[in-house]
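Have a look at the structure below before the remarks.
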Amino acid sequence: MIRPFGIRDIVKIQQLQPQGVAFDLKRLLLDASSPMHSALVGYLTYHHLGTITCIHDGAGEGKDLRGFAQVYPHPAKSEWSLAYLSPSLDYHLNASDIWYRLLTYLVIYGAEQGISRIAAYAPEDGEIEDVLRQAGFTVVNREEVFTFSGEMAAGPTPKGLFPLESVNSWAVGEFFRQVVPQCVQAGTFPTCWQTTGVGAPSWSDASDEFVWLQEDKVLAYFGLQHTSRACWLDIVVRPEHRGDILHCIKYILTLFNCTNKPVYCAVPDYSVGLGWLLRTLGFSSYARQVLLVAYTAARVHIRRQVTVTGLDRTVDLGTPVYHADLLTRLKTFNEQARRVG
């Protein structure tokens, strides 16, 4: 049996959370909230904050199938982000069955709530990917996360680098649609840009965004989120300008004094060369993760009946029946055609 989290499940979550798997490195590295804390916050705020948590108690099945799943609602669109699954595949013999049931429930529950898709930033692990695929998830992107700790040498203000303003929103949107492959656009725009005008996510202390412009053309986007734990840098740049953004990265990191905490940056596999660029600045590889997406609905083409103005009733192919006015127009057209001919 699977059901939403309730107060009576506090002890169960406390017992199961050490056995689980966390998803989405970005949120995990910036946010210190435990699954128990996130579940309580979500319950008390009606999921305006915290997570939506579902409990699998295995009641009446004659075996221990306890587990839980958590998703974060996205503040700006109809999407959930998978945050936690317990128990882990290594911890419990039947964990894959528990995961499948929980994920299937979330997809159905999401569809009932008007959610279009559920995204999962998962560790790049074959067994985890297999279970997610069985539950309807599809791989759309892979990325490597880099980290930097230490001091970054300061540099001059780059020419053409400006804080993102609302007047640039349309241009940045078009920039993303041009640069990010269409097959991975849904759910892969940086969180900073998605919350422009709304504010930083609840688990982020602040969000700052910059665009690098040349003659009003967006060449690159930089989004920096920082908490007391770490900083996360999002970079999207046109392929022909990847080698030209070193001075922009240096300036942004020194501007916000990120030297006293680690900085993380994810590089998708389609951004060839950006990882090498980060290594020249002192970044090193931290981990790899894969983005999988499950859609709760599919587009279906529907044929609709079309009403044609001027027809009193349906047309019998054997005996055409026309409206009197339409018949008059046809006669007039035929007469004019004969005169021209």
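Residue numbers are given in numbering that gives the first Met the number 0: position 76 of the sequence shown equals residue 75, and the series is strictly consecutive.
The beta-carbon is built from N, C-alpha and C at its ideal position, and this holds for glycine as well.
Values in this document were obtained by computation on a predicted structure and should not be read as measured data.
Item, Value
"Test item: CB-CB of Gln288 and Leu24 under 7 Å", "yes"
"Buried/exposed call for Phe161, threshold 16 Cβ in 10 Å", "exposed"
"Contact under 7 Å by Cβ, Pro261 with Glu142", "no"
"Three-state secondary structure (DSSP) of Gly341", "Outside the shown range of the chain, which is 0 to 340, sits residue 341, and nothing can be said about it."
"Between the CA atoms of Tyr104 and Tyr269 - distance to the nearest angstrom", "32 Å"
"Member of Tyr220, Asp129, Val106 whose CA lies at the smallest distance from the CA of Ile159", "Sequence check: residue 159 is Gly here, not Ile. Ranking the options by Cα distance to Gly159, first place goes to Tyr220."
"Beta-bridge partners of Phe209, as assigned by DSSP", "Pro162, Phe221"
"Helix, strand or coil at Phe136 [DSSP, three-state]", "coil"
"Any C-beta of chain C under 7 Å from that of Trp169", "Included in the structure is just one protein chain, with no chain C present."
"Nearest-angstrom Cα separation, counted from His91 out to Phe4", "21 Å"
"Residue burial classification, Gly149 (beta-carbon count within 10 angstroms, cutoff 16)", "exposed"
"Environment of Gln16 [buried if 16+ CB atoms lie within 10 Å]", "buried"
"Beta-carbon proximity check, Thr118 vs Val292, cutoff 7 Å", "The question names Thr, but residue 118 in the sequence shown is Ala. Yes, the Cβ-Cβ distance between Ala118 and Val292 is below 7 Å."
"Nearest-angstrom Cβ-Cβ length linking Gln356 and Ala38, presumed shorter than 8 Å", "Residue coverage of the chain in this structure runs from 0 to 340, which leaves residue 356 outside it and unanswerable."
"Inter-residue spacing [alpha-carbon to alpha-carbon] between Leu28 and Gly57", "32 Å"
"Endpoints, alpha helix (DSSP H) assigned at Leu280", "Taken as a continuous stretch (DSSP letters only), Leu280 belongs to no alpha helix (DSSP H), as it is neither H nor E."
"CB of Leu290 within 7 Å of CB of Val139, strictly", "yes"
"Residue from Ser284, Thr253, Arg228 with nearest C-alpha to Ala31", "Arg228"
"Ile72 versus Pro180, Ile97, Arg116, Ala296, residue with shortest Cα-Cα distance", "Reading off the sequence, residue 72 comes out as Pro, not Ile. Taking only the C-alpha atoms, the option nearest Pro72 is Arg116."
"Boundaries of the beta strand (DSSP E) in which Gly66 is found, first to last residue", "66 to 72"
"As assigned by DSSP and simplified to three states, the class of Ser168", "helix"
"Ile114 (DSSP reduced to helix, strand or coil)", "coil"
"His246 (DSSP reduced to helix, strand or coil)", "helix"
"Asp233 and Gly242 closer than 7 Å at C-beta", "no"
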